[in-house]
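For the sequence shown, our numbering begins at 57 and goes up steadily by one. Glycine residues also receive a C-beta, built at the ideal position from the N, C-alpha and C atoms.
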Amino acid sequence: MGTRRGFFISFEGLDGAGKSTQVAALGAALRGVGYDVTTVRPNDTRLGDVIAGVVLQHQVAASLTPWSEALLFNAGRVQLLEEVIVPALLRGTVVIADRYADSTLAYQGGGRGINQDALLRLHGDCCGDLWPDLTVYLDLDHSIAVHRQHAQQLPLDRIEGAPSEFHARVHAAFDRLAAEHPDRIVRIDAGRPAVVISHDVMRVVEDRLETAAVPRAALAQ
Numbered sequence: 057m058g059t060r061r062g063f064f065i066s067f068e069g070l071d072g073a074g075k076s077t078q079v080a081a082l083g084a085a086l087r088g089v090g091y092d093v094t095t096v097r098p099n100d101t102r103l104g105d106v107i108a109g110v111v112l113q114h115q116v117a118a119s120l121t122p123w124s125e126a127l128l129f130n131a132g133r134v135q136l137l138e139e140v141i142v143p144a145l146l147r148g149t150v151v152i153a154d155r156y157a158d159s160t161l162a163y164q165g166g167g168r169g170i171n172q173d174a175l176l177r178l179h180g181d182c183c184g185d186l187w188p189d190l191t192v193y194l195d196l197d198h199s200i201a202v203h204r205q206h207a208q209q210l211p212l213d214r215i216e217g218a219p220s221e222f223h224a225r226v227h228a229a230f231d232r233l234a235a236e237h238p239d240r241i242v243r244i245d246a247g248r249p250a251v252v253i254s255h256d257v258m259r260v261v262e263d264r265l266e267t268a269a270v271p272r273a274a275l276a277q
């Protein structure tokens, strides 16, 4: 990638940890103080939308191997980088992603059992080894996350509906990643009220943006 002028933030954690809520809240808060912000989800390209439909449908559960999942999610990430993330970063935008490569390491690595080094090599080869400047890990016990999802009374997708042992392994993988990358990954307790979490997230992000000297929209060239 060319010279990065923007700042790349990702949100990670289990389904039910509140990522979508916090992505939206952070995006609104940063726009309110003058930053140019782009928020993205894995299915924000046509290819990503197709991949999400294929991977998450219950009826294809028996036909998808762990590596099929990993390769499909990486294909969607490559397209998202090309179409949305990289151009936004080159414009000097703050990009906030609801999930990125750590999810593949946690779900297909920790959850499905694919070797982490192999997944890292794949990310390096197909995504140019591009990592967020900051990853906000919304840490929530897997049993609480599952309870939240069931309380919403919405249909669970193929990964959300996996056995609790799977989600426990994913949670443990996220914990390991946070311990391995303390400079990039900031752990936030997601068991508290959303407004309290948003306050903590904004404080962390503003400190990082100031340290990185990211210009606000009004000052961007």
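For leucine 86 and aspartate 92, the gap between their C-alpha atoms comes out near 8 Å.
The continuous alpha helix (DSSP H) containing arginine 225 extends over residues 220 to 236.
Pairing valine 151 with alanine 162 gives a Cβ-Cβ distance that is not under 7 Å.
In the DSSP assignment, glutamate 68 is bridged to Tyr193. Note on aspartate 189: 16 or more other CB atoms within 10 angstroms of its CB, so buried under the neighbour-count rule. For valine 93, the beta-bridge partners assigned by DSSP are Val150.
The C-beta separation of leucine 233 from isoleucine 244 comes to about 14 Å, leaving the pair out of contact by the 8 Å criterion.
Going by C-alpha positions, aspartate 197 is about 20 Å away from arginine 214. Of the residues assessed, asparagine 130 falls on the buried side of the cut-off, its CB having 16 or more other CB atoms within 10 angstroms. Distance check between alanine 228 and each of His255, Gly167, Asp185, Gly62 places Gly167 closest, using alpha-carbon atoms only. With a minimum length of 4 residues, the unbroken runs of alpha helix (DSSP H) contained wholly in the stretch 100 to 140 fall at 102 to 112, 122 to 136.
Listed in chain order, the non-local C-beta contacts of isoleucine 253 below 8 Å within the same chain comprise Gly74, Gln78, Leu194, Ile244, Asp245, Ala246, local neighbours out to five positions each way being set aside. Nearest C-alpha to isoleucine 65 among Leu178, Thr95, Leu103: Thr95. By DSSP's assignment, arginine 243 forms a beta bridge with Tyr193.
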